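**Q**
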């Protein structure tokens, strides 16, 4: 049997589209809090796990060695919109490590924010790698290489010390073996491994609590979450779901989107981690899913009401008329 329908798209009062998916919610001890759909099937987490991938950057001492604070750590976990502030900060991170923008191996693309893209098209001959939504993560990789004395060239490749450290952090945090037969290449050129949603949810609960780790790793994990929750704009960008949810949470919730309808999140005060995937890869449906799950887990809290509103966005046409909405399905609302 396939995964359940978790999100419905309405035009007027008629359901026009349906999105299936799976959701895993686990605590730091590996206990199941909530599960919908097939949470054992390996999925590529894509950018949703950037906070875990940033562990070597903080644990190694690289972040402190170059005098980085919350903004730089948040950017190292980001899928940012390529706005001027994002590109400038990514560039400055490399400058502090004595590197130029030519060290980036993530590729270049225009901003995902339309008004910024228009300005870039007007003012730039072409975008730079600093505008890539993953440039902060790559700046973290490069700064770590410099700090540890590793050759930064080829840092994205399978088998490079930078990627070995990322793989080790992912395996330690999730408890899932990152196997070569489940390895692919992410959009920014680094290796990505398919692992079960339940392992990802467990990993994010452990990130939030430090459960099962030595003090230094637990401290680094909590510092990464704190930085992201303090500087959500640098994790995402203007009007983005991660920015809006973490701004509303005021340090109480962590969220991170990934490509192809993946989302990971955590509620540190409850020691809970969340991982989900919309089967058809639709981001807007995944955003509804994560907002609704967070609202349910925080039921009775004022924050829950804000999140429920985010889980039921209104759709408008080009003239600004309301034409429909998205909503969690009965299977998700329970």
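Residue numbers (the numbering used here): 190 to 523. C-beta atoms are modelled at their ideal positions from N, C-alpha and C, and glycine is treated no differently. Here the structure is a predicted model, which means the values were calculated and not measured.
(1) Work out the CA separation of residue 521 and residue 334 for me, nearest whole Å.
(2) Ends of the alpha helix (DSSP H) at residue 356?
(3) Assuming residue 446 and residue 472 are in contact, meaning their beta carbons sit under 8 Å apart, how far apart are those beta carbons, in whole angstroms?
(4) Give the single residue among 215, 243, 236 and 247 whose Cα lies nearest to the Cα of residue 405.
(5) Within the continuous alpha helix (DSSP H) that includes residue 328, where are the two ends?
(6) Is the beta carbon of residue 390 less than 8 Å from the beta carbon of residue 332?
(7) Going by DSSP in three states, residue 216 sits in which element: helix, strand or coil?
(8) With the cut-off set at 8 Å, would you say residue 280 and residue 268 are in Cβ contact?
(9) Count the other CB atoms within 10 Å of the CB of residue 202; is the residue buried (16 or more) or exposed (fewer)?
(10) So is residue 375 buried or exposed if we call it buried at 16+ other beta carbons inside 10 Å?
(11) Going by CA-CA distance only, name the one from 209, 197 and 273 that's closest to residue 470.
(12) Write down the C-beta distance between residue 357 and residue 339 rounded to the nearest angstrom, noting that I regard them as a contact closer than 8 Å.
(13) Tell me, please, whether the segment 210-226 touches the segment 367-381 by the rule of three or more beta-carbon pairs shorter than 8 Å.
(14) Using only CA atoms, which one of 258, 217, 286 and 428 lies nearest to residue 415?
(15) Counting C-beta neighbours from all protein chains within 10 Å, is the total for residue 523 16 or more, i.e. buried, or is it exposed?
(16) Tell me the rounded alpha-carbon separation between residue 211 and residue 314.
(17) On the premise that residue 235 lies in contact with residue 451, defined as a C-beta separation below 8 Å, what is that separation, rounded to the nearest angstrom?
(18) Residue 394 to residue 371, Cα distance in whole Å?
(19) In this structure, does DSSP put residue 500 in helix, strand or coil?
(20) Is DSSP giving residue 417 helix, strand or coil here?
(21) Taking the alpha-carbon of residue 309 as reference, which of 345, 272, 194 and 341 has the nearest alpha-carbon?
(22) Buried or exposed: residue 505, going by 16 or more other Cβ atoms within 10 Å of its Cβ?
(23) Measuring straight from C-alpha to C-alpha, what distance separates residue 239 and residue 499?
(24) Less than 8 Å between the beta carbons of residue 465 and residue 478, yes or no?
(25) Is residue 233 buried or exposed, if buried means 16 or more other CB atoms sit within 10 Å of its CB?
(26) Rounding to the nearest angstrom, what Cα-Cα distance links residue 253 and residue 403 in this structure?
(27) In the DSSP output, which residue or residues are listed as bridge partners for residue 452?
(28) Between which residues of its own chain and residue 336 is the CB-CB distance below 8 Å, once the five residues before and five after are set aside?
(29) How should residue 511 be labelled, buried or exposed, when 16 other C-beta atoms within 10 angstroms of its C-beta is the threshold for buried?
(30) As a quick exercise: from 304, 468, 388 and 241, pick the residue whose alpha carbon is nearest that of residue 547.
(31) Which same chain residues end up closer than 7 Å to residue 492 when comparing Cβ atoms and leaving out the 5 residues on each side of it in sequence?
(32) Quick check on DSSP: helix, strand or coil for residue 211?
(33) Please report the residue range of the alpha helix (DSSP H) in which residue 281 lies.
(34) Taking the straight line between their C-alpha atoms, what separation do you get for residue 365 and residue 481?
**A** Taking the geometry as given:
(1) 43 Å
(2) 350-363
(3) 7 Å
(4) 247
(5) 324-337
(6) no
(7) strand
(8) no
(9) exposed
(10) buried
(11) 209
(12) Not really, about 14 Å apart at Cβ, beyond 8 Å.
(13) no
(14) 258
(15) exposed
(16) 42 Å
(17) 5 Å
(18) 23 Å
(19) coil
(20) helix
(21) 272
(22) exposed
(23) 23 Å
(24) yes
(25) buried
(26) 19 Å
(27) 446 and 465
(28) 249, 250, 251, 254, 255 and 286
(29) exposed
(30) The requested residue 547 is not part of the displayed model; the chain covers only 190 to 523.
(31) 437, 438 and 441
(32) strand
(33) 273-285
(34) 27 Å
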